[in-house]
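Written below as structure tokens is the structure these notes are about.
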Amino acid sequence: MQFVSTRGRAAPVGLSAALSAGLAPDGGLYMPVRWPSFEPAMFADAAGLPPIAQRLLAPLFVGDALEPALPRICAQALDIDAPLRALPLPATWMLELFHGPTAAFKDFAARFLAACLLRIKPAGEMRELQILVATSGDTGAAVGAAFAGQPGVRVWIVYPDGRVSPRQAHQLGAFGGNVTALRVQGNFDDCQALVKRALNDDALAGRLRLSSANSISLGRLLPQMSYYAQASLGHWRAHGRTLGFIVPTGNLGNALAALLARRMGLPVGAIVLASNANATLSEYFAGEDYTPRPGIATLANAMDVGAPSNFERLRALYASDAEVRAALSAERVDDAQIRAAIGSSHARYGAVVCPHTACALVALERRRAAGDDRDYAVVATAHPAKFDTVLAPLIDVVPEPPPALAALLQQPSHSEPLANDYAAFSTRLIAG
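Numbering (our numbering), first residue to last: 1282 to 1713.
Quick look at the structure:
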């Protein structure tokens, strides 16, 4: 399989090259030249997430050096529970994606990307692999955990100072060794801009072997399709109906994965984007022009994105804005609505949720109020214990961190301040 840039000004490359580069040379994002097509019956003998992922992704690995390793990659990286739990409401479920080592859905993709990149060894390349990741909270921890202690790899986590929860900040700086956390005076979009500029800096690439672990990386997007495949296939077998998903949305990678699973023939129903007060996507899906803008701080901080990178991939899938808007819908949720949803979630749904999942619950309630009685799964993207300072004033009992997260929070944590300045960033990377 060959992969091409969304901007169409770069030569096609193989999978390993696309994963290693992160961004295409023309600044675009990599996509396969064609998406495979499946039917639910083709997964009849695939039980569990790793076998489903292997079958789903196999056509994209054909002809690449990673192809023989795909079964092992899936078994290693995707051995994480992703239960679909019924909620005490008609036609409503919750897809829990927070059972990985850093208690967020980012663990699936980060572990998969790491398993791939650690197997890619360009001929004659002796330089250390430098992984750059901008994070609004959860991505950096997942990437740090996936690469921590791996020889020949250096990870740089770039996050907005003061815009992640205290427990998220502790996680980001707790790995040490080959993982460095840099806190930037700015917002997530500033952090993402620093990373993108570095990846497009030819002079820097001449000195350092760079790659990205953000959702701009194809290696992050592909494995995320697998848990939508597993959930929708299980629902199809049990009920004979498609399953829609309400997805907390910031940089658009997770929701795009659901869309791509549906595009490839999986029994995925309607897809609803649940965003916070950052209104770029909700305004676009309401018919306005796509207008990126600086991100604003909200309680759902991992979604504080004003310029979602994966919109470029989404738009490239369709011939017109009208087709994009027909494929998805979006809801905007403000902080007051997030607080109300967290406060009532246990009584109404039997679940305590993080602020991001709360956005999805609000979107669900709006759909039900509008008469939409289709089957939906609310996507729970992070364990609520990561947001104890948000939850404590709103509910009586804040859940304890799961064991893996608790262990990480016991480690010492250190991060370095970094000016919101590309020269300072590139100088720090070169200094090592």
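Glycine included, C-beta positions come from ideal geometry on N, C-alpha and C.
Check                                                                                                                                                                    : Outcome
Going by DSSP, which residues form a beta bridge with Y1311?                                                                                                             : S1286
By DSSP, does R1336 sit in helix, in strand, or in coil?                                                                                                                 : helix
How far does the alpha helix (DSSP H) with M1506 in it extend, from its first residue to its last?                                                                       : 1499-1520
My assumption, with CB atoms under 8 Å, is that L1359 sits in contact with P1382. Please give the rounded CB distance.                                                   : Not quite, the Cβ-Cβ distance comes to about 13 Å (not below 8 Å), so this is no contact.
Taking 7 Å as the cut-off, decide whether the C-beta atoms of S1297 and A1346 are in contact.                                                                            : yes
Assuming the contact rule is C-beta atoms closer than 8 Å, V1436 and G1443 should be a hit. Round their C-beta distance to whole Å, please.                              : About 22 Å separates the two Cβ atoms, so there is no contact after all.
Nearest-angstrom Cα distance between I1333 and T1662?                                                                                                                    : 20 Å
If you reduce the DSSP assignment to three classes, tell me which class F1342 lands in.                                                                                  : helix
Between which residues of its own chain and H1637 is the CB-CB distance below 7 Å, once the five residues before and five after are set aside?                           : P1529, A1581, A1583, M1584, T1662, A1663
Based on the DSSP output, what are the partners of P1698 in its beta bridges?                                                                                            : R1464
Using the three-state DSSP reduction, which class does E1406 fall into: helix, strand or coil?                                                                           : coil
Determine the burial state of V1314: buried for a count of at least 16 other Cβ atoms within 10 Å of its Cβ, exposed for fewer.                                          : exposed
At the level of alpha carbons, what is the spacing between R1647 and V1678?                                                                                              : 27 Å
Since I believe L1537 is in contact with L1502 (beta carbons under 8 Å), could you give me their beta-carbon distance rounded to a whole number of angstroms?            : 7 Å
At a threshold of 6 Å, does G1534 count as lining the ligand MN (C-beta to nearest heavy atom)?                                                                          : The ligand MN is not part of the structure shown, which contains no ligands of any sort.
With DSSP as the reference, identify every bridge partner of Q1618, one or two as the case may be.                                                                       : According to DSSP, Q1618 bridges with nothing at all.
Got a sec, what are the start and stop residues for the alpha helix (DSSP H) G1534 sits in?                                                                              : 1534-1544
Can you list, in chain order, the residues of its chain with a C-beta nearer than 8 Å to that of G1765? Leave out the 5 residues immediately preceding and following it. : This structure gives no information on residue 1765, because the portion of the chain shown stretches from 1282 to 1713.
What's the gap between the Cα of I1577 and the Cα of I1619?                                                                                                              : 15 Å
In its own chain, which residues sit with a C-beta less than 6 Å from the C-beta of Q1717, not counting the 5 before and 5 after it?                                     : For residue 1717 there is no data in the structure shown, the boundaries of the chain being 1282 and 1713.
Output yes or no for whether 7 Å exceeds the beta carbon distance between G1418 and I1438.                                                                               : no
Does S1707 come out as helix, strand or coil in the three-state DSSP assignment?                                                                                         : helix
Using DSSP bridges, identify the partner residues of Q1411.                                                                                                              : R1435, L1491
Just mark T1670 as buried or exposed, buried being the case when its beta carbon has 16 or more other beta carbons within 10 Å.                                          : exposed
Looking only at its own chain, which residues have a Cβ that is under 7 Å from the Cβ of N1468, when we skip the five neighbours before and after it?                    : P1441, R1444, P1575, G1576, D1585
So D1482 and S1625 are in contact, right, with Cβ under 8 Å, and what is the actual spacing, rounded?                                                                    : Not a contact, Cβ separation roughly 48 Å.
Beta-carbon separation of I1412 and S1492 under 7 Å?                                                                                                                     : yes
Would you list the residues sitting across from D1525 in a DSSP beta bridge?                                                                                             : Note that residue 1525 is Gly in the sequence shown, not Asp. According to DSSP, G1525 bridges with Y1657.
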